[in-house]
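A.B. asks: Mapping of the sequence shown onto our numbering: position 485 corresponds to residue 486, and the numbering continues sequentially without gaps.
Each residue gets a CB set at the ideal place from its N, CA and C atoms; glycine is no exception.
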Amino acid sequence: MVTAPVNDLREHDGAYRFPPGFERNLIWFAWRRFRPANPIFLFQHLAREYGDIAHYKIGWNHIVFLNHPDYIREILVVQNDNVVKERTVRRTKMLLGEGMITAEGAQHRMQRQVAQPAFHRQRIPEYARTMVEEAVRMRDSWRDGEQRDIAIDMMRLTLNVVARTLFATDLQDEVNELADAINRIMGLYNFLVLLPAAEWLVHVRPPGLAAFVRARKRIDAVVYRMIEAHRNRRSDSGSLLDLMLAASPQRTAESEQSLRDQVITIFLAGYETVANALSWTWYLLSQNPECERRFHEEIDLELQGRNPAYEDVPRLRYVEMVLAESMRLYPPAWAMGRQARNDFQLGDYFLPAKTTVLISQFITHRDERFFPEPLRFDPERFTSEAKARRAKFTYFPFGAGFRQCIGESFAWMEGVLLLATLGQKWKLSLVEGHPVEPEPLITLRPKYGMKMRIAERERGGRGCPPDSRRGAGATISDATVAADTSPQRAE
Ligand code: HEM
């Protein structure tokens with residue numbers, strides 16, 4: 002990719018130069034065909050027809066879709082000063098307010114600085130014990146032979162983990178209330194993104210939005226209760242909530258609102274993503290018996306029947322490779338968007354300010370140039386050697402650049418420990434006939450949940466038939482066919 006200095010081009014031809022793409026405006030051409038409710042169809046089409054970079058317009062807005070590691074690096078790292086989060090992310094302000102995900106500039110820097118110590122590598126080991134305790138609690142509550150919606154179980158588990166580790170709060174019965182309210186909002190998400198002037202309509206409350214307002218109120222109530230309880234305890238456990246309270250000592254309406262926004266952002270970012278990664282992982286293991294056998298074998302060998310601990314994480318290499326491969330095929334954060342502040346150069350193209358730039362982990366992670374036989378579930382893609390051979394910015398489940406996920410190390414450790422603790426005792430199989438389809442909302446969720454049968458394992462992992470290695474998309478509609486930012490552990 003050759004990049005000419007911006008000024009050269011501007012002086013030279015004075016006009017913008019757009020990548021290939023739809024000639025006609027998407028608003029009246031392909032809108033119906035690609036079903037806006039599932040933008041993955043549109044992204045797949047763009048990548049197939051136009052390759053590394055594609056352009057289209059919706060109304061007056063220019064949009065480019067990127068599917069090449071050089072372009073992805075250029076936007077997320079090299080030109081990050083020239084971009085802000087794009088409109089659909091900004092829409093999430095209706096729920097998240099001005100938290101770390103939606104804030105920009107000085108406000109974002111300040112919030113990241115306040116939270117950083119809670120995510121420091123030295124803090125992460127402290128969280129391991131709580132993570133395992135929560136997983137053991139769930140492991141012991143499951144019964145042999147029962148059917149469960151694993152997507153719901155994983156949500157409850159990760160909600161409790163975030164509440165206890167980062168907010169020093171035991172949610173107890175409130176976990177169900179919170180999970181229900183968030184589910185309701187997620188269900189409304191696409192509607193909210195597409196609805197013109199939703200931020201304003203929320204005050205008028207047409208039928209769909211009334212449900213949103215009610216759910217948001219329930220979430221706020223739990224969050225405010227948690228903040229208040231923490232204040233009253235005057236704890237100084239060094240938890241993230243303590244750090245946030247210390248950085249916001251005044252109690253004006255504005256600072257209370259800001260505190261609420263910061264708390265709710267970490268809550269949502271920290272549990273939904275991990276829960277989805279785990280649900281997809283259980284599903285993929287159940288479809289790939291040889292991988293499942295190796296997964297159980299490693300757990301048995303490394304743990305010898307005791308509960309996992311922080312020190313075991315580096316030894317549970319295969320469990321981590323399984324998780325990495327699962328997030329390749331079903332990246333919980335399945336797309337990211339930015340909007341340019343000023344005119345900018347991207348490869349041979351010159352694009353106007355306000356252009357929206359879209360990048361999709363779901364599409365790039367399934368590109369056969371970077372991952373041969375992309376639909377095959379194969380954790381061996383994440384051995385150290387395989388990772389070293391691969392181009393950077395082809396695998397980026399946690400984003401990249403200065404807005405890269407703050408919780409990445411936390412998430413890797415949590416994922417490995419929860420999988421190992423539950424996998425130690427149980428084998429999960431998809432309930433026959435249960436439909437599996439990814440739904441691209443704020444995160445990539447299993448649309449119909451994940452109904453699985455729980456069976457107690459014979460230790461030693463006997464009983465799994467040899468490999469049948471079914472593709473990840475085998476039971477799923479075409480919708481599913483669907484960098485190095487270095488996931489410090491995955492790449
Ligand atoms: C598998 C788990 C996770 C995945 C796949 C994931 C993915 C991501 C991605 C892709 C971004 C960047 C979004 C962008 O640049 O537009 C991000 C940002 C963020 N994540 Fe995560 N995340 C995960 C877990 C967590 C956890 C456990 C936490 C906290 C406990 C967390 C907190 C955040 C926050 C606060 C941001 C905003 C960072 C900023 O803008 O400076 N995430 N995450």
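1) Strictly by DSSP, which residues pair up with P439?
2) Can you name the residues that DSSP bridges to F66?
3) Can you list, in chain order, the residues of its chain with a C-beta nearer than 7 Å to that of A16? Leave out the 5 residues immediately preceding and following it.
4) Distance, Cα to Cα, F383 vs W281?
5) Do F19 and Y57 have their C-beta atoms within less than 7 Å of each other?
6) Please name the residue or residues paired with S430 in a DSSP beta bridge.
7) Give a single yes or no on whether R214 has its beta carbon closer than 6 Å to a heavy atom of the ligand HEM.
8) Does DSSP put L352 in a helix, a strand or coil?
9) How should D141 be labelled, buried or exposed, when 16 other C-beta atoms within 10 angstroms of its C-beta is the threshold for buried?
10) For Q148, which residues does DSSP report across the bridge?
11) For F345, report the span of its beta strand (DSSP E) as first-last.
12) From W427 to Y350, what does the alpha carbon distance come to, in whole angstroms?
13) Keeping to the same chain, check which residues put their C-beta closer than 7 Å to that of I364; ignore five residues upstream and five downstream.
14) Any heavy atom of the ligand HEM closer than 6 Å to the beta-carbon of I267?
15) Pick from I59, Y449, R458 and E457: whose alpha carbon is nearest that of N184?
16) Is the Cβ of Y350 closer than 7 Å to any Cβ of chain B?
17) Starting from the C-beta of S327, find all residues in its chain whose C-beta is less than 7 Å away, skip the five residues before and the five after it, and write them out in chain order.
18) Hey, how far is the Cα of Q123 from the Cα of V65?
19) Inspect the CB distances between the segment 233-244 and the segment 66-85 and report whether three or more fall short of 8 Å.
20) Is the CB-CB distance between N83 and F345 below 7 Å?
21) Return yes when the Cβ of A412 is within less than 7 Å of the Cβ of V264, no when it is not.
22) Are the segment 416-423 and the segment 306-313 touching, with three or more C-beta to C-beta distances below 8 Å?
23) First and last residue of the alpha helix (DSSP H) that includes A341?
24) On the premise that L172 lies in contact with A119, defined as a C-beta separation below 8 Å, what is that separation, rounded to the nearest angstrom?
25) Tell me whether P70, by its Cβ, gets closer than 6 Å to a heavy atom of the ligand HEM.
26) May I ask whether a heavy atom of the ligand HEM can be found less than 6 Å away from the beta carbon of G400?
27) What's the C-alpha gap between R339 and V85?
28) With DSSP as the reference, please indicate the residues paired to R18 in a beta bridge.
29) Between L352, F399 and Q108, which has its C-alpha nearest S558's C-alpha?
30) I'd like to confirm something about M101: is its beta-carbon nearer than 6 Å to some heavy atom of the ligand MG, or not?
31) Could you pull the start and end residues of the beta strand (DSSP E) that V78 belongs to?
32) State the Cα-Cα distance for the pair P21 and G52, rounded to the nearest angstrom.
33) From the DSSP secondary-structure annotation, give me the bridge partner or partners of K86.
34) Alpha helix (DSSP H) containing E459: first to last residue?
35) So, V437 versus K452, is the Cβ gap smaller than 7 Å?
36) Given a cut-off of 7 Å on the beta-carbon distance, is the pair A180 and R219 in contact?
C.D. replies: So, to answer that:
1) For P439, DSSP records a beta bridge to P447.
2) A55 and L359
3) Once the five neighbours on either side are set aside, A16 has no close Cβ partner at all.
4) 17 Å
5) no
6) DSSP output for S430 lists R454 as bridge partner(s).
7) The amino acid occupying residue 214 in the given sequence is Val; Arg does not appear at that position. V214 Cβ: outside cutoff for every heavy atom of the ligand HEM.
8) Looking at L352 - three-state DSSP - the assignment turns out to be strand.
9) exposed
10) R454
11) First-last of the beta strand (DSSP E) with F345: F345 to L347.
12) 53 Å
13) Listed in chain order, the non-local C-beta contacts of I364 below 7 Å within the same chain comprise F44, Q45, A48, N68 and A483, local neighbours out to five positions each way being set aside.
14) yes
15) Y449
16) As a matter of chain content, chain B is missing from the structure shown, which is built from one protein chain.
17) A278, W281, T282 and L285
18) In this model, Q123 and V65 are separated by some 40 Å (Cα to Cα).
19) In this structure the segment 233-244 does not touch the segment 66-85; the number of beta carbon pairs closer than 8 Å is below three.
20) Between N83 and F345, the gap from beta carbon to beta carbon is short of 7 Å.
21) In this structure, A412 does not lie closer than 7 Å to V264 by Cβ.
22) yes
23) Run containing A341: none in the alpha helix (DSSP H); it sits in the beta strand (DSSP E), M337 to A341.
24) Not quite, the Cβ-Cβ distance comes to about 18 Å (not below 8 Å), so this is no contact.
25) no
26) Yes - the ligand HEM has a heavy atom lying nearer than 6 Å to the Cβ of G400.
27) 5 Å
28) F351
29) Absent from the structure is residue 558, since the part of the chain shown begins at 2 and ends at 492.
30) Within the structure as shown, the ligand MG is missing, the only ligands being the ligand HEM.
31) Unbroken run through V78: none, as it is neither H nor E.
32) 9 Å
33) Note: K86 is bridge-paired with R339 in the DSSP secondary-structure output.
34) Here E459 belongs to no alpha helix (DSSP H), and DSSP marks it neither H nor E.
35) no
36) no
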